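Going from the sequence shown to my numbering is simple: count from 1 and add 42.
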Amino acid sequence: MRTRLVLFDIDGTLIRTGGAGVKAFAQTAEHIFGKPGGTRAMRFHGRTDVSLVREFFRNHGIADTPDSVQQFLDAYVQFLDEQLRHHRGEVCPGIRELLAALGQHAESPVVGLLTGNIRRGAGLKLRAHGLASGFLMGAFGDDHEDRNELARIALARGSALLGDSLVGEEVVVVGDTRADIECARAIGARCIAVATGGETLPSLLEHSPALAVESLAEVSVERIFAVGQYREQSTDWEALYHAGDTRWDKGEAAPGLRDFLRQTPNLAGQRVLVPGCGRGHDARAWAEAGCRVVALDVAPAAISEAQALTPARLETQFECDDFLREGLISEPFDWIFEHTLWCALSPTRRADYVRAVTESVRTGGHYLAINYLQPSDEVGPPFGVTVAELRERWREAFELVRDWVPRSYPSRAGRERMFLWRRRTPKPR
Numbered sequence: 043m044r045t046r047l048v049l050f051d052i053d054g055t056l057i058r059t060g061g062a063g064v065k066a067f068a069q070t071a072e073h074i075f076g077k078p079g080g081t082r083a084m085r086f087h088g089r090t091d092v093s094l095v096r097e098f099f100r101n102h103g104i105a106d107t108p109d110s111v112q113q114f115l116d117a118y119v120q121f122l123d124e125q126l127r128h129h130r131g132e133v134c135p136g137i138r139e140l141l142a143a144l145g146q147h148a149e150s151p152v153v154g155l156l157t158g159n160i161r162r163g164a165g166l167k168l169r170a171h172g173l174a175s176g177f178l179m180g181a182f183g184d185d186h187e188d189r190n191e192l193a194r195i196a197l198a199r200g201s202a203l204l205g206d207s208l209v210g211e212e213v214v215v216v217g218d219t220r221a222d223i224e225c226a227r228a229i230g231a232r233c234i235a236v237a238t239g240g241e242t243l244p245s246l247l248e249h250s251p252a253l254a255v256e257s258l259a260e261v262s263v264e265r266i267f268a269v270g271q272y273r274e275q276s277t278d279w280e281a282l283y284h285a286g287d288t289r290w291d292k293g294e295a296a297p298g299l300r301d302f303l304r305q306t307p308n309l310a311g312q313r314v315l316v317p318g319c320g321r322g323h324d325a326r327a328w329a330e331a332g333c334r335v336v337a338l339d340v341a342p343a344a345i346s347e348a349q350a351l352t353p354a355r356l357e358t359q360f361e362c363d364d365f366l367r368e369g370l371i372s373e374p375f376d377w378i379f380e381h382t383l384w385c386a387l388s389p390t391r392r393a394d395y396v397r398a399v400t401e402s403v404r405t406g407g408h409y410l411a412i413n414y415l416q417p418s419d420e421v422g423p424p425f426g427v428t429v430a431e432l433r434e435r436w437r438e439a440f441e442l443v444r445d446w447v448p449r450s451y452p453s454r455a456g457r458e459r460m461f462l463w464r465r466r467t468p469k470p471r
């Protein structure tokens, strides 16, 4: 999969203007249309300028005509120019370096803009921050008020520039809001979502971009080219335990699990299965809550260490076995819990895992998972995981009770999501 077109959003992705655009909109509303505070309740992130103007008109009963829209935008550009002269904005981290590297790369992808800003506003903002050059094409807020349509326009313009018909998978969209993720999806493109603008990393991850990062300083040109591509290396879990290379083991039960057990009543006596248990920290937490626990792992060394760490008073049975082995479980459990096991499994085995969980939990029982949301461009394990994939994989056999961002280890903060599923009544065959 070759990356031939890279499209950047502007506000919150390339630059932060310190609110210059929002203030220019407010000035236009007040001084041209006589509505002081008229834009105060409006949400600007991820929107196109034209859609914002039309929302303002609807809110205040102003006639929405081509002339009135143009009047607003003309005045807005004047106020924006003034605001940018006085506002202290900044280029987002890693942007200058990334743009320079893209311009020098041997594969020479076309670098363009995909923004809700009208063309004149985009130019003013980029010039004010020294980023006016290097973008060969773009789709802007005055091309269409719908962002998904802007993505289609950008794809067509990129194709025209290259003299060839681009397909979506050859395009990477870089943006800071869920709207950027959705417009990338509308053309089949991959999206890199960055939490330097309007949304947090957990919020972006909920919408399943190909990659989500705190800052584009974390992203190299090579990573842009690789994003969304699955790569795998073989893993000898037993050898890793013998070598002491168990960096995933934090020496305690997952914080999100501890919180869940503390907040959930009436667990005592219930049967719990913990596949991929490692040294058994999570299994012991369930046992401390009064549950009867069976914990599995494929690495004999992990099971040996788990047994050594577990007090005799806890009702916990550790077994070395492969959870994916058909016919392993004879009596379904009340609960199955996993912590980052899904991301450790090759995507080629995930259908087997869904089958194993479905067969191992009773009707009305629960599957509780702490999933690590991981991009798919990195060599796994851990392998790529998105919220969209998880919901699609489990929805047939399980009802989603709720999902949330749990308390996590510092190194995983914002990248874990907890899902509580209830086993549906099996459909008659």
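In this text, a Cβ means the ideal position worked out from N, Cα and C, and glycines have one as well.
A quick note: this is a predicted structure, and the numbers were derived from the prediction, not measured.
Here the alpha carbons of Val133 and Arg58 stand approximately 6 Å from one another.
According to the DSSP assignment, Asp324 belongs to the alpha helix (DSSP H) that extends over 323-330.
The beta carbon of Ala71 is closer than 7 Å to those of Lys77, Gly80, Thr81, Phe98 in its chain, skipping five residues each way along the sequence.
With respect to the 8 Å criterion, Ala386 and Ser250 are not classified as neighbours on the basis of their beta carbons.
The stretch 351-370 and the stretch 284-300 do not touch, with fewer than three beta-carbon pairs separated by less than 8 Å.
In this structure, the CA atom of Phe86 is about 7 Å from the CA atom of Val64. Non-local beta-carbon contacts of Leu178 in its own chain, meaning distances under 7 Å to residues more than five positions away in sequence, involve Val152, Val153, Gly154, Leu203 in chain order. Separation of the CB atoms of Val236 and Leu258 is rounded to 5 Å, and the pair is thereby assigned contact status at 8 Å. Assignment of Asp53 by DSSP, reduced to helix, strand and coil, places it in the strand class. At the C-beta level, His171 and Gly131 come within 8 Å of one another. Non-local C-beta neighbours of Thr382 in its own chain, meaning closer than 6 Å and more than five positions away in sequence, comprise Tyr414, ordered along the chain. In this structure, Leu303 sits away from Ala281, with a CB-CB distance that is not shorter than 8 Å. With contacts defined as CB atoms closer than 8 Å, Leu410 and Phe440 fail to qualify as a contacting pair. When C-alpha distances from Arg404 are compared across Trp463, Trp446, Gln112, the shortest belongs to Trp463. If the five residues before and after Arg334 are omitted, its C-beta is found closer than 6 Å to the C-beta atoms of Arg313, Glu357, all from its own chain and listed in chain order. Following the DSSP letters along the chain, one finds Leu410 in no alpha helix (DSSP H) but inside the beta strand (DSSP E) bounded by residues 403-414. Using a C-beta cut-off of 8 Å, the stretch 389-398 makes contact with the stretch 362-371, since at least three inter-stretch Cβ pairs fall below that distance. Thr467 is the residue among Thr467, Tyr451, Trp328, Cys319 whose C-alpha sits nearest the C-alpha of Thr400. The beta carbons of Thr45 and Glu212 sit closer together than 8 Å. The DSSP-derived three-state label of Ala337 is strand. Excluding sequence positions up to five before and after Gly183, its CB lies within less than 7 Å of the CB of Thr90, Asp91, Val92, Thr157, Gly158, Asn159, Ile160, all in the same chain and listed in chain order.
Apart from the 5 residues on each side of it in sequence, Trp446 sits with its Cβ closer than 8 Å to the Cβ of Arg459, Met460 in its chain, given in chain order. Our two residues, Asp218 and Ala254, have alpha carbons roughly 9 Å apart in a direct line. Beyond the five residues adjoining it in sequence on each side, Arg300 comes within less than 7 Å, by CB distance, of Ala327 in the same chain, given in chain order.
For Glu191, the enclosing alpha helix (DSSP H) starts and ends at 189-204. Only exposed fits Pro307, as fewer than 16 other CB atoms lie within 10 angstroms of its CB. In this structure, Phe121 is the residue among Leu47, Ile234, Phe121 with its C-alpha nearest to the C-alpha of Ile74. When DSSP reads this structure, Cys385 sits in no beta bridge, so it has no partner. Following the DSSP letters along the chain, one finds Trp463 in no alpha helix (DSSP H) but inside the beta strand (DSSP E) bounded by residues 458-465.
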